[in-house]
Structure formats: structure tokens, C-alpha cells
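Below: one structure, written as C-alpha cells.
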DNA sequence: ATGTCACCTGCGAGGTGA
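Residue numbers (full-length UniProt numbering): 1 to 259.
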């Protein structure tokens with residue numbers, strides 16, 4: 001079963017690109033972030049079945065869509081832990097597979113910049129809430145994946161020039177420590193379980209010729225529960241769409257699970 | 001590099017977010 005994550009940076013601007021990619025990559029489940037659309041505005045017909053978020057504020061900003069060829073047994077919208085948080089950044093679905101169930105969590109973790117604004121503590125507290133949810137899910141002892149745009153550069157090997165990012169919310173020690181403590185719960189970084197080469201990127205800024213210079217960062221991740229990690233076959237970054245016309249600044253990451 | 005892109009309001013260009 002192929003599960004993909006991709007920050008598409010706007011479904012309206014990216015519709016043709018996304019359809020082209022879906023036709024060739026053909027994932028069973030797709031996690032999209034920054035759809036910048038409410039449910040009604042999302043073109044469901046691009047996938048066989050769908051569920052998409054979300055609460056308010058998704059119209060202009062944020063927004064995550066969870067799409068599946070397998071019908072969902074259950075869909076949960078919104079990250080628990082703060083009833084005042086109306087940003088559309090979290091959706092979770094459960095599907096039945098021959099070996100049992102697979103739960104897919106699709107996240108768009110807050111960017112957090114600038115670090116001297118209230119956006120940075122919001123990011124860190126969001127990560128704390130995510131950790132609490134993951135702890136809860138781990139007690140189910142089932143295969144699950146937390147996929148999405150984490151806005152976290154895990155290590156210096158995941159950025160073209162660490163020195164240029166020291167004061168960025170994506171690379172701050174507080175951010176990386178939170179990510180590490182998430183992994184320490186027992187999750188596996190699917191890409192790193194399959195590849196150990198440095199400088200494998202999922203995002204290149206639109207500015208300053210970042211793509212042409214390969215000035216990228218790795219911030220889109222698929223983290224696996226132990227039961228899912230046991231079923232991991234492969235995980236790869238598909239950097240090709242970054243070179244297409246009208247690209248997103250992120251590229252898809254696709255993993256294969258034997259279910 | 002103050003470097004680019006997308007979406008909103010609302011009809012033109014500026015604000016916001018990344």
C-alpha cells in the first residue's frame with residue numbers, strides 16, 4: 001500500500017500538477033497540506049474516495065486533505081488538546097486492510113517564524129499536543145503513520161547550509177528537541193530507515209534560485225509506529241515535480257507498506 | 001539580495017503567510 005505526503009501549496013493553483021502526479025504515482029492514500037481550501041472547494045473527483053478537512057480558517061490558509069482509495073472506517077478532524085485552536089492542520093483516518101487496520105494521520109505542523117513572535121510558542125505547544133496524541137495512539141498497538149509537512153529540519157544533514165538556518169523556527173534547538181522526543185516515543189522516520197545519505201531534500205524555496213542551486217531542506221516526514229515500521233518496504237522522495245512548470249515548493253514523499 | 005509564490009479583497013494594489 002502506497003501512502004504519500006505532499007504540501008501542494010494551494011489546490012487551485014496546483015490542480016493540473018496534482019492530477020498529473022496522481023495519475024503516474026497512483027498512491028492508495030494521499031496526504032496533502034496547504035490546500036488553502038474548505039471542503040466544498042476541494043475537487044474530490046481527482047481521487048476515487050476522499051475525506052478532507054477542515055474547521056474554519058482553512059479558506060485562505062493551511063488546510064489538509066486526506067484522500068484514500070480504500071473507504072475510511074473513521075475520520076477525526078482537528079488535533080485534540082486546545083478547543084480554541086481553529087487552524088486547519090490535522091486530520092486522521094482509519095482504513096481496513098487484509099492484515100487488520102492502518103491509521104493515517106495527516107499534519108501540517110505550524111511554521112513558527114518569526115521566532116520572537118507568538119507563532120513560535122504556538123508551534124512548540126502544537127508539537128506537545130501532537131506528542132500527547134501519539135502517546136495515546138501508541139497504546140492501541142496498531143500500525144499508524146503520522147505523515148505531513150512537519151516544518152522541522154531534524155538534523156544538520158537535512159539542510160544544505162545549517163549555519164544559514166540557526167535562527168529559523170524550522171531548525172531551532174527547541175524545535176529539533178521536540179521532534180526528537182516524538183521519535184523517542186518509539187516512532188521511526190520512514191525515509192531515514194531506508195536512506196542514510198545526507199542532503200536529501202523535500203523543499204526548495206521559490207526565492208534566490210534555491211532549486212537550481214539545490215539549496216533545500218528535508219521537512220516533510222512519515223513517522224511510523226512500531227507495528228507500521230515492521231511493514232515498511234520502501235520510502236522515497238519524488239523530487240521530479242519540483243522541476244515542472246508552476247511547481248509547489250515542496251515535493252512528494254512516498255512510502256510502501258506491506259499490508 | 002529587499003530575491004518568489006499564492007490567496008484574499010474587490011477591481012487595483014496591498015496585506016498576510018510561507
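Using N, Cα and C, we set each Cβ at its ideal position, and we do this for glycine too.
Small disclaimer: the values here were computed from a predicted structure and weren't measured.
field: Counterpart residues of residue 90 in DSSP-defined beta bridges
entry: 107
- request: Would you kindly work out how many angstroms separate the C-alpha atoms of residue 166 and residue 217, rounded to a whole number?
  value: 13 Å
- prompt: Can you name, in chain order, every residue of its own chain whose Cβ lies under 8 Å from the Cβ of residue 8, other than the five neighbours on each side?
  reply: 14, 17, 18, 32, 33, 34, 35, 248, 250
query: In the DSSP assignment, what are the bridge partners of residue 167?
result: According to DSSP, which records beta bridges pairwise, residue 167 is partnered with nothing at all.
message: Within 10 Å of its beta-carbon, does residue 87 have 16 or more other beta-carbons around it, so buried, or fewer, so exposed?
response: buried
- request: State whether the region 111–120 contacts the region 131–144, with contact taken as three or more CB pairs (one from each stretch) at a distance under 8 Å.
  value: no
task: Pull up the DSSP beta-bridge partners for residue 6, would you.
output: 32
message: Quick check: is any heavy atom of the ligand COA less than 7 Å from the C-beta of residue 1?
response: Ligands are entirely absent from the displayed structure, and the ligand COA is therefore not among its contents.
task: Assign residue 56 to buried or exposed, taking buried as 16 or more other Cβ atoms, counted over all protein chains shown, within 10 Å of its Cβ.
output: With a pLDDT of 46 at residue 56, under the threshold of 50, the modelled position of that residue is not reliable, and the figure given next carries that caveat. Exposed, since its Cβ has fewer than 16 Cβ neighbours within 10 Å.
message: Using only CA atoms, which one of 71, 20, 4, 10 lies nearest to residue 241?
response: 20
task: Using a threshold of 8 Å, state whether the C-beta atoms of residue 148 and residue 206 are closer than that.
output: no
field: residue 244 versus residue 194 - alpha carbon distance
entry: 26 Å
message: Check whether the region 63–76 and the region 182–190 touch, using three or more Cβ-Cβ pairs below 8 Å as the test.
response: no
query: So, residue 3 versus residue 232, is the Cβ gap smaller than 8 Å?
result: no
query: Are the region 138–147 and the region 215–230 touching, with three or more C-beta to C-beta distances below 8 Å?
result: yes
Closest Cα partner of residue 76 within the set 41, 137, 92: 92
- request: Starting from the C-beta of residue 82, find all residues in its chain whose C-beta is less than 8 Å away, skip the five residues before and the five after it, and write them out in chain order.
  value: 125, 129
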